[in-house]
Amino acid sequence: MSEGQAVRERYTFFIDAMSKAGNAEGAKAVYDKWAETYDQDVMAPENQHYGRAFLVEALQKMVTDKSVKILDFAAGTGIVGQMVKQAGFNNIDALDCSNKCLEKAKEKHVYQNLMEETAGQRQLAINDRDTYDVLICSAGFGPNLLNQSVFSEWIRITKPGGYIFNSFRKQWLKLDPSLNDGKFEKEMQRLEDNYKWKLVGKEVQNGIDSKEALLFVHRIC
Ligand SMILES: C[S@@+](CC[C@H](N)C(=O)[O-])C[C@H]1O[C@@H](n2cnc3c(N)ncnc32)[C@H](O)[C@@H]1O
């Protein structure tokens, strides 16, 4: 089998496994297994979506102080953390539920602290509102991954005036039952109506269906 074919097969296998994972523990098991080849598989041109590039471009435009304290939420193996560091930011922590992914992330020498935490089960061991200037989350939303229930926790740990950048594949808004039928948008709006955050940026990239990406940027009130 050629290397290209192997990448395609692994990618299809793991995306399918993620969709069938059932819950956060199942997703963690999938990412623990995928950690070794994740970078190669998701960065192959045929699999790459544009959410990561969107996020880093928007971050550079909207946040000019390179010393801000950033949390890379669902950081995985650190692909986006590495891009953010290359953009000049140097105060970045990582959080993910997969210790195998975090081991890979550590090898990149991008993060100051790496936290093995599963969001959605209990309050994260991160202090309230005085911790992060910026929270980024790339490809963290999708079947059996994160959903809008994490927003309140993001708001809790991000400083007032701070930014939250969230990008993921657009198709999950239609296909993932925990996000679809307006659930995602409704919670985003509810928090805005309650003066918790304000939408300050949105990008929708259209292209080949599975590669379409979305980016939402919120500012904490
Ligand atoms: C598609 S990967 C994205 C990784 C990285 N941000 C990127 O852009 O390549 C999704 C990540 O979310 C993590 N994850 C899934 N559910 C989680 C949860 N409930 N809490 C923390 N991390 C979670 C997985 O372990 C995985 O590393």
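Going by this note's numbering, the sequence shown opens with residue 686, and the numbers climb by one from there.
The beta-carbon is built from N, C-alpha and C at its ideal position, and this holds for glycine as well.
In whole angstroms, give me the CA-to-CA distance for residue i and residue j.
i: residue 818; j: residue 751; result: 11 Å
i: residue 885; j: residue 901; result: 8 Å
i: residue 812; j: residue 759; result: 18 Å
i: residue 843; j: residue 686; result: 47 Å
i: residue 695; j: residue 824; result: 18 Å
i: residue 850; j: residue 731; result: 24 Å
i: residue 723; j: residue 762; result: 8 Å
i: residue 769; j: residue 741; result: 6 Å
i: residue 888; j: residue 735; result: 11 Å
i: residue 794; j: residue 775; result: 11 Å
i: residue 809; j: residue 832; result: 16 Å
i: residue 713; j: residue 805; result: 13 Å
i: residue 803; j: residue 835; result: 11 Å
i: residue 702; j: residue 860; result: 15 Å
Mind reading off the beta-carbon distance from residue i to residue j? Whole number of angstroms is fine, and I expect it under 8 Å.
i: residue 922; j: residue 755; result: Residue 922 is absent from the model: the chain starts at 686 and stops at 906.
i: residue 692; j: residue 729; result: 5 Å
Spatial neighbours of residue i within its chain, please: CB distance less than 8 Å, with the 5 preceding and 5 following residues excluded, ordered by chain position.
i: residue 798; result: 778 and 779
i: residue 766; result: 757, 760, 777, 779, 790, 793, 795 and 796
Let's see if you can read the secondary structure: which residues bound the beta strand (DSSP E) around residue i?
i: residue 755; result: 755-758
i: residue 732; result: Run containing residue 732: none; DSSP gives neither H nor E here.
i: residue 774; result: Element bounds for residue 774: n/a, residue is neither H nor E.
i: residue 690; result: Where residue 690 is concerned, there is no enclosing beta strand (DSSP E), although the alpha helix (DSSP H) it sits in stretches over 688-704.
Starting from the C-beta of residue i, find all residues in its chain whose C-beta is less than 6 Å away, skip the five residues before and the five after it, and write them out in chain order.
i: residue 816; result: 842
i: residue 704; result: 828
Span of the alpha helix (DSSP H) holding residue i?
i: residue 787; result: 784-792
i: residue 898; result: Element bounds for residue 898: not the alpha helix (DSSP H) but the beta strand (DSSP E), 898-905.
i: residue 859; result: 857-860
i: residue 837; result: 836-842
Sufficient close CB pairs (3 or more, under 8 Å) joining the segment 780-794 to the segment 711-726: yes
Meets three-Cβ-pair contact criterion under 8 Å: the segment 850-865 and the segment 875-885: no
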